[in-house]
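Student: Residue numbers (the working numbering), protein chains in the order written: chain A, 1 to 230; chain B, 1001 to 1230; chain C, 2001 to 2230; chain D, 3001 to 3230; chain E, 4001 to 4230; chain F, 5001 to 5230.
No residue lacks a Cβ here, since even glycine has one placed at the ideal position from N, Cα and C.
Dropping the structure in here first, questions after.
6 protein chains.
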Amino acid sequence: MTPRILIINPNSSAEMTRAIHDSAVAFAGDTMEVVTVPTPGASPFIATYEDHAQAAPGMVRLLTENRDRYDAFVIACHGDPNMDLMKEITDKPVVGIGEASMKLATMLGHSFSVIAPVERTVPNKKALIDKYGITRDLASVRPASVEAGGSDVERLIAAGKRAVEEDMAEVLVLGCAGFAGLDKKMEEVLHVPVLDGVICALIVASGLARYGVSISKKRRYDNTFGKRGK
Amino acid sequence: MTPRILIINPNSSAEMTRAIHDSAVAFAGDTMEVVTVPTPGASPFIATYEDHAQAAPGMVRLLTENRDRYDAFVIACHGDPNMDLMKEITDKPVVGIGEASMKLATMLGHSFSVIAPVERTVPNKKALIDKYGITRDLASVRPASVEAGGSDVERLIAAGKRAVEEDMAEVLVLGCAGFAGLDKKMEEVLHVPVLDGVICALIVASGLARYGVSISKKRRYDNTFGKRGK
Amino acid sequence: MTPRILIINPNSSAEMTRAIHDSAVAFAGDTMEVVTVPTPGASPFIATYEDHAQAAPGMVRLLTENRDRYDAFVIACHGDPNMDLMKEITDKPVVGIGEASMKLATMLGHSFSVIAPVERTVPNKKALIDKYGITRDLASVRPASVEAGGSDVERLIAAGKRAVEEDMAEVLVLGCAGFAGLDKKMEEVLHVPVLDGVICALIVASGLARYGVSISKKRRYDNTFGKRGK
Amino acid sequence: MTPRILIINPNSSAEMTRAIHDSAVAFAGDTMEVVTVPTPGASPFIATYEDHAQAAPGMVRLLTENRDRYDAFVIACHGDPNMDLMKEITDKPVVGIGEASMKLATMLGHSFSVIAPVERTVPNKKALIDKYGITRDLASVRPASVEAGGSDVERLIAAGKRAVEEDMAEVLVLGCAGFAGLDKKMEEVLHVPVLDGVICALIVASGLARYGVSISKKRRYDNTFGKRGK
Amino acid sequence: MTPRILIINPNSSAEMTRAIHDSAVAFAGDTMEVVTVPTPGASPFIATYEDHAQAAPGMVRLLTENRDRYDAFVIACHGDPNMDLMKEITDKPVVGIGEASMKLATMLGHSFSVIAPVERTVPNKKALIDKYGITRDLASVRPASVEAGGSDVERLIAAGKRAVEEDMAEVLVLGCAGFAGLDKKMEEVLHVPVLDGVICALIVASGLARYGVSISKKRRYDNTFGKRGK
Amino acid sequence: MTPRILIINPNSSAEMTRAIHDSAVAFAGDTMEVVTVPTPGASPFIATYEDHAQAAPGMVRLLTENRDRYDAFVIACHGDPNMDLMKEITDKPVVGIGEASMKLATMLGHSFSVIAPVERTVPNKKALIDKYGITRDLASVRPASVEAGGSDVERLIAAGKRAVEEDMAEVLVLGCAGFAGLDKKMEEVLHVPVLDGVICALIVASGLARYGVSISKKRRYDNTFGKRGK
């Protein structure tokens, strides 16, 4: 069985969708089929809770309409927008790139740092990490935007270096799906594992699909509640 | 100054809206003006994350359209649906009845229990309590539906009694806005404080409005991000 | 019903009592009656555990003698001295300004900082915050005394600025009842909510009084234990 | 050096003082000198926060007056009343029997249970355990009073048995100084370590005295604050 | 690239090694090459810390000697014996089945229970879960041995049923590598995801190998420390 | 009864063994008999998990062979290597110097810092502190190696000063058995309690031996499991 996986990019950016897809395909090889789609009606970049809410109807539609065509779903925004909703409405595995990358990070070293795009969302990411119960394993959330550097990757490396040296991070997690493809460039310089969320989510999603395991429908994510009599 | 407060009932039930309003008005007296509205487009009862998402657009509209007419807002569903979104988009105080009632409960005794309508949402409520960081103060979440009794209040009292005696709760919190008006009936029998969420939220919301304090717009709930240049 | 509230200043300073009272009255307007008293036999400033113990007999007397004259009590020292004792001996709501202000702060932003008068009590405040189970929401405790500035408010603003910028606080809490009246001056400069403890406690205490809810007398704060037979 | 240790029984019961002293002397042998005193002005049994406050002046006096005569102090009530105060005012080691016994218990097995005298103080003990940050290691607090049995020791054994079998405790802690001398009787029946608080505190206090280490006077328990200029 | 994975069974049982291998091969298909070996010198069943220590030299040897022949390693005992050591000495990904299965479980529902073989190791498993920082997500550890039933799978189902109904678990984790192959039988009856540790570890290990990511060698698991000069 | 205590130095260094012994004997006086031995087959310095594993067989042998000759055992490496194993295999009290010193530190001030020899093991120490559940009480782990200074004690004092001033530690713990004898030198300069692990462990071990209390053999450290039938 070769799992078919739909990667839902919760924003509407064609460019970011393509970058995510290229990176995903390169990893997938012939072990899984991967399709990546942007979310209709979503904003071009997801940062605020308003962006999350705006993306929800499109994400629901994508998940629902593709229910039978795919074996698993990946939500490709590091803020894991609408994940409780996604877990609830589906009967197939659905994996957020934030959750997958940060939980895998906890298996690879003493503590991890997330490299965020901007300072504005640092507390939002901390709230997400707290939601997943892994704050103990967090060294820091470091925004790349405040670092000096002529290019994105230079600023990411500067933030990563600070995380490793000052915050004692042993693993780094890319805090935005748009950073796809920069992981290995950072690893070469920083000499610690650098995790791309989409690839981590593909590992988990394809594995669960092959294993035949999905989100528990007992209580919290039960989607038959109040509908059984209808 | 007499604060004007809009109570947004995130579901579309006219009956529950009326019950909430009656209870709110009785508490408000002449210390605040209270208006209660159901949410257009929402489901008649909020239990699932899908219900939360379905309510979001209507809630946003209500909050936005009434921005200038009210001094504070109360979100009247104990699951605090879309609260991060509500806190982000407004410049006025907005208070969820779950957060207000459970945080006030921690000031009144060693530990509190939430009396939930049904077992299905017990883990959802636990996740919410964990989000607020007050799990330490939680004695239990007890669903009323599994208790014996001919009426709602009998089942609530039975669940409350179990919480107080078996789980050692010292304070009870009504886990649904629809339980409005049953608090004092339970107190008479159970001899511990029983908190109605709407009244607790009115206490906090009217107080913040009179104090002139609102949700911080620094970082996590900043709603100008990405819009300043527009 | 207009709640009558007694504000007990646990120290014996007439000057601080007056400052607290002025600020309280300005907030109260005609929504509550407020009386503020210093504590006989207490030291003029509360910092140490010895100061707490010294204040206890006077605080007990004030609470007991005024039992029938007031609907609720506020303990107006940010260290919340003898609060467990206060909660136990009364049958009316009693609210500490530390607990009220810091728990309200958690509803208004991602994390809060307390601006303390001096470095000596920073760990004492941290221990108190830990007692309330809200350390997760704490950005920092910042002592104003170590900051440069010609006046109290300048040092408070400097400490607050550091908390917001360096510790990523989104809400500030005044860590001393003696800072009454400086909240709005700080807000103007710092653009985040700044909470005065006395006002926060008045919000909660008056609300509880109007709601008819008090400290649970079940177990932890039961004051009939060992006395029922007498 | 043979440490001289003053055991302060925070209540005024001569009988309990004698029981504590007998047990302490039996343990002390010739390795330390032990004197045990009741607290003048205290109630005969410590259960409530009011009892704590009532004991404070006498405890302060005992500690202060005997400052030079003893090398270390033990506070012999399992609720550790006024311990922050005791730690602050002294320059010699002072050890609470609750803290000593429960922290030693964490070194001897996976989790411990406290056998409390009565149900009323179960949450008070839980609050104390939380204050010490060792809730993770707690299996349960079990009140002996609710167990069947003709004698104290039978009820203690019944509560201990329940803790070991139902709550999976691996170590038991006697939750009252008045249980002195019952530890070994319980061990014989229950086959897990049973810790008497006074003996545990003597171990720690005599050790600290011989080591020449005391409570840190840096910040939290600094007793020179505000007095240096006097 | 087809990852070659060595599954190290930390005990010496040929029978259990075969059961693990059969289950692993069935999952692996042609997506990875799997070899399973018992540990020379280890005890036939791993339960105690002594068993862990006894297995260490053999496990080190297996990992070291096969360093170049495999792309990743799985340690196939649910107690994750000697995992810190394994993570330190290797430069390839090494995954414990306890860590992998329990961390994946947290992605699939509100809380999980571990079905342990015997009561003796329940606290040991709890200590492990605490080590991984996921105690918040734990519903319970339920020993199968205390359940009624004629066969292993019947007792596992009985324990699982109790976990789901009484402890509100939404996901189950098999607490022993020897339970290989029973996951799907349990799922059919219990209608919640049931995770086999070896398969979960293969998902993670093969994914990491394909991704080219391994244990961080920065600080905690640095194996060059003190050897660089040699 | 004069307790006979065997101090097991988990490394093989004769020099460090002698330093530990001298310091232990000076503290012991005539209150206990102390013998100190290095571990045959162990590495000369314990830093890595490999060092822990290498020391295990020798430590087991020392503990087993001396079972009847001693009343209690101290494991004299601050990383507490193989402590779960030690606690399991013995019927006598066994105390790790890391656990004893850090848990005693929590009784002496608001928070403690550990002065570590090198940066490499900082996360390892943090993981140990987390294992003991006392991370809340930790101010920092400060490596001495990164400080300037001509001698060990100068670097230790510099690191300690930083811990007290920058991290607000109120108590210091020496993070290596090899620092024996430097505690009082540091105290003189730093004016906070400085705890040597071996002495702290001797306090606890001798006390437990005299009290007749040992590691619980119920469940987690039961060493008869699987052997009763043999």
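Identify, in the order they occur along the chain, each residue of the same chain with its Cβ nearer than 7 angstroms to the Cβ of Asp-71/A, setting aside the five sequence neighbours on each side.
Tutor: If you number the first sequence from 1, residue 71/A lands on position 71. Counting only Cβ-Cβ distances below 7 angstroms, and skipping sequence neighbours, we find Pro-3, Arg-4, Ile-5, Lys-92 and Ala-209.
Student: Looking at the unbroken alpha helix (DSSP H) that takes in Phe-4946/F, where does it start and where does it end?
Tutor: Because chain F in this structure spans residues 5001 to 5230, residue 4946/F falls outside the shown range and cannot be described.
Student: Give, in chain order, every unbroken run of the beta strand (DSSP E) that is at least 3 residues long and sits entirely within the segment 3128-3216 of chain D.
Tutor: 3138-3143 and 3171-3174
Student: Taking Ala-1163/B as the reference, which of Ala-1144/B, Ala-1047/B and Ala-1201/B has the closest Cα?
Tutor: The residue given as residue 1163/B occupies position 163 in the second sequence. Cα-wise, what sits closest to Ala-1163/B is Ala-1144/B.
Student: Would Ser-113/A and Arg-142/A be called neighbours here (beta carbons separated by less than 8 angstroms)?
Tutor: Along the first sequence, read from residue 1 onward, the residue named residue 113/A stands at position 113. Along the first sequence, read from residue 1 onward, the residue named residue 142/A stands at position 142. Yes, Cβ-Cβ distance for Ser-113/A and Arg-142/A is below 8 angstroms.
Student: Tell me where the beta strand (DSSP E) around Arg-4004/E begins and ends.
Tutor: For this step, residue 4004/E is matched to residue 4 along the fifth sequence. Taken as a continuous stretch (DSSP letters only), the beta strand (DSSP E) holding Arg-4004/E covers 4004-4009.
Student: State the CB to CB distance for the pair Glu-4170/E and Lys-184/A, rounded to an integer number of angstroms; the pair is presumed to be in contact (CB under 8 angstroms).
Tutor: Reading the fifth sequence from its first residue, position 170 is the one you call residue 4170/E. Reading the first sequence from its first residue, position 184 is the one you call residue 184/A. That belief does not hold up - the Cβ atoms of Glu-4170/E and Lys-184/A are roughly 37 angstroms apart, past 8 angstroms.
Student: Below 8 angstroms on the Cβ atoms is my contact criterion, and I expect Met-2083/C with Gly-2096/C to pass it. Report the Cβ-Cβ distance as a whole number of Å.
Tutor: Here residue 2083/C corresponds to residue number 83 of the third sequence, with the count starting at 1. Here residue 2096/C corresponds to residue number 96 of the third sequence, with the count starting at 1. Sure, about 5 angstroms apart at Cβ, within 8 angstroms.
Student: Output, in chain order, the set of chain F residues within a Cβ distance shorter than 7 angstroms of Ile-4089/E.
Tutor: As a first step, residue 4089/E is located in the fifth sequence; it is residue number 89 there, counting from the start. Those within 7 angstroms of Ile-4089/E in chain F are Glu-5050.
Student: Would you tell me roughly how many angstroms separate the C-alpha atoms of Arg-2018/C and Leu-1063/B, rounded to the nearest one?
Tutor: Walking along the third sequence from the start, residue 2018/C turns up at place 18. Walking along the second sequence from the start, residue 1063/B turns up at place 63. Their backbone Cα atoms lie some 40 angstroms apart in a straight line.
Student: Is any beta-carbon of chain F found at less than 8 angstroms from that of Val-2122/C?
Tutor: The residue given as residue 2122/C occupies position 122 in the third sequence. Closer than 8 angstroms to some Cβ of chain F, the Cβ of Val-2122/C qualifies, so yes.
Student: Could you tell me the distance, in whole angstroms, from the CA atom of Phe-2027/C to the CA atom of Ser-1216/B?
Tutor: Numbered from its first residue, the third sequence carries residue 2027/C at position 27. Numbered from its first residue, the second sequence carries residue 1216/B at position 216. Near 21 angstroms, if we compare the C-alpha coordinates of Ser-1216/B and Phe-2027/C.
Student: Identify, in the order they occur along the chain, each residue of the same chain with its Cβ nearer than 6 angstroms to the Cβ of Val-3153/D, setting aside the five sequence neighbours on each side.
Tutor: Residue 3153/D sits at position 153 when you count from the first residue of the fourth sequence. Within the same chain, Val-3153/D has close Cβ partners Leu-3182 and Lys-3185.
Student: With burial defined as no fewer than 16 other Cβ atoms inside 10 Å of the residue's Cβ, what is the status of Gly-2029/C: buried or exposed?
Tutor: As a working mapping, residue 2029/C is identified with position 29 in the third sequence. Classification of Gly-2029/C: exposed, given that the 10 Å Cβ count is below 16.
Student: Kindly indicate which residue of Tyr-1049/B, Thr-1048/B, Gln-1054/B and Thr-1031/B has the alpha-carbon position closest to the one of Pro-1040/B.
Tutor: Taking the second sequence and counting its residues from 1, the one referred to as residue 1040/B is at position 40. Ranking Tyr-1049/B, Thr-1048/B, Gln-1054/B and Thr-1031/B by Cα distance to Pro-1040/B puts Gln-1054/B first.
Student: Between Val-122/A and the rest of its own chain, which residues show a CB-CB distance below 7 angstroms, the 5 nearest in sequence each way excluded?
Tutor: Here the question's residue 122/A lines up with position 122 in the first sequence. Taken in chain order, the residues that qualify are Ala-116, Val-141 and Pro-143.
Student: Just the Cα atoms here: how many angstroms apart are Leu-190/A and Met-168/A?
Tutor: On the first sequence, position 190 is the one that residue 190/A refers to. On the first sequence, position 168 is the one that residue 168/A refers to. Their backbone Cα atoms lie some 13 angstroms apart in a straight line.
Student: Would you identify the three-state DSSP class for Gly-1109/B, choosing helix, strand or coil?
Tutor: Within the second sequence, residue 1109/B is the residue found at index 109, counting from 1. It is coil, neither helix nor strand.
Student: Assuming Gly-1079/B and Asn-1124/B form a contact by the criterion Cβ under 8 angstroms, report the distance between their Cβ atoms to the nearest whole angstrom.
Tutor: Taking the second sequence and counting its residues from 1, one reaches residue 1079/B at position 79. Taking the second sequence and counting its residues from 1, one reaches residue 1124/B at position 124. That pair is a contact at about 6 angstroms.
Student: Just to confirm my understanding: we take Ser-1111/B, look at its own chain, exclude 5 residues before and 5 after, and list those with CB closer than 7 angstroms. What are they?
Tutor: Taking the second sequence and counting its residues from 1, the one referred to as residue 1111/B is at position 111. Excluding positions up to five away in sequence, the list reads Asp-1137, Leu-1138, Ala-1139, Met-1168, Ala-1169 and Glu-1170.
Student: Does Gly-5096/F come out as helix, strand or coil in the three-state DSSP assignment?
Tutor: Here residue 5096/F corresponds to residue number 96 of the sixth sequence, with the count starting at 1. The answer is strand: DSSP assigns Gly-5096/F an E or B state.
Student: Quick one: complete beta strand (DSSP E) runs, 3+ long, within the segment 5024-5089 of chain F?
Tutor: 5033-5038 and 5072-5075
Student: Straight-line CA distance for Val-1118/B to Met-86/A?
Tutor: Numbered from its first residue, the second sequence carries residue 1118/B at position 118. Numbered from its first residue, the first sequence carries residue 86/A at position 86. Whole-angstrom Cα-Cα distance: 22 angstroms.
Student: With a 10 Å radius around its C-beta and 16 neighbouring C-beta atoms as the bar for buried, classify Pro-38/A as buried or exposed.
Tutor: On the first sequence, position 38 is the one that residue 38/A refers to. That one is buried.
Student: Does the distance from the C-beta atom of Ile-1089/B to that of Glu-50/A stay below 8 angstroms?
Tutor: Locating residue 1089/B in the second sequence gives position 89, where the first residue counts as 1. Locating residue 50/A in the first sequence gives position 50, where the first residue counts as 1. In contact: Ile-1089/B and Glu-50/A (Cβ atoms closer than 8 angstroms).
Student: I need the straight-line Cα distance from Arg-4220/E to Leu-5128/F, nearest angstrom please.
Tutor: The residue labelled residue 4220/E in the question sits at position 220 within the fifth sequence. The residue labelled residue 5128/F in the question sits at position 128 within the sixth sequence. Taking the straight line from one Cα to the other gives about 12 angstroms.
Student: Hey, Val-1198/B and Ala-1105/B are a contact pair by Cβ (cut 8 angstroms); roughly how many whole angstroms apart?
Tutor: Counting from one through the second sequence, the residue named residue 1198/B turns up at place 198. Counting from one through the second sequence, the residue named residue 1105/B turns up at place 105. So it is not a contact: roughly 14 angstroms between Cβ atoms.
Student: Using the beta-carbon of each residue, which ones in chain B are nearer than 9 angstroms to Pro-2081/C?
Tutor: In the third sequence, counting from the first residue as 1, residue 2081/C sits at position 81. In chain order: nothing, as chain B lies at least about 16 angstroms away.
Student: Between Thr-4031/E and Ile-4020/E, how many whole angstroms is the CB-CB distance? I'm expecting something under 8 angstroms.
Tutor: Stepping through the fifth sequence from its first residue, residue 4031/E is reached at position 31. Stepping through the fifth sequence from its first residue, residue 4020/E is reached at position 20. That belief does not hold up - the Cβ atoms of Thr-4031/E and Ile-4020/E are roughly 18 angstroms apart, past 8 angstroms.
Student: So, using beta-carbon positions, are Pro-4081/E and Ile-4134/E closer together than 8 angstroms?
Tutor: In the fifth sequence, the residue the question calls residue 4081/E occupies position 81. In the fifth sequence, the residue the question calls residue 4134/E occupies position 134. Not a contact, by the Cβ cut-off of 8 angstroms.
Student: For Asp-3222/D, which residues in chain C fall below 9 angstroms Cβ to Cβ?
Tutor: As a first step, residue 3222/D must be located in the fourth sequence, where it is residue number 222. Chain C residues near Asp-3222/D: Thr-2048 and Arg-2120.
Student: Between the Cα of Ser-5043/F and those of Asp-5222/F, Pro-5057/F and Glu-5033/F, spot the shortest distance and give me the residue it belongs to.
Tutor: Here residue 5043/F refers to the residue found at position 43 of the sixth sequence. Looking at Asp-5222/F, Pro-5057/F and Glu-5033/F, the one whose alpha-carbon comes closest to that of Ser-5043/F is Pro-5057/F.
Student: Here's a check: name, in chain order, each residue in its chain whose Cβ is nearer than 8 angstroms to the Cβ of Met-3103/D, leaving out the five neighbours to either side.
Tutor: For the purposes of this step, residue 3103/D is taken as residue 103 along the fourth sequence, with counting starting at 1. For the record, residue 3103/D in the displayed sequence is Lys; it is not Met. Cβ within range, chain order: Tyr-3132 and Ile-3134.
Student: Using DSSP with H/G/I as helix, E/B as strand and the rest coil, what is Val-1118/B?
Tutor: Residue 1118/B sits at position 118 when you count from the first residue of the second sequence. The answer is coil: DSSP assigns Val-1118/B none of H, G, I, E or B.
Student: Show which residues of chain F have a CB atom less than 9 angstroms away from the CB atom of Phe-4225/E.
Tutor: By one-based count along the fifth sequence, residue 4225/E stands at place 225. By Cβ distance, chain F contributes Ala-5047, Thr-5048, Val-5118, Arg-5120 and Thr-5121.
Student: Please list, in chain order, the residues of the segment 2125-2152 of chain C that have any C-beta partner in chain B closer than 8 angstroms.
Tutor: Across the segment 2125-2152 of chain C, CB contacts with chain B closer than 8 angstroms involve Tyr-2132, Gly-2133, Ile-2134, Arg-2136 and Asp-2137, in sequence order along the chain.
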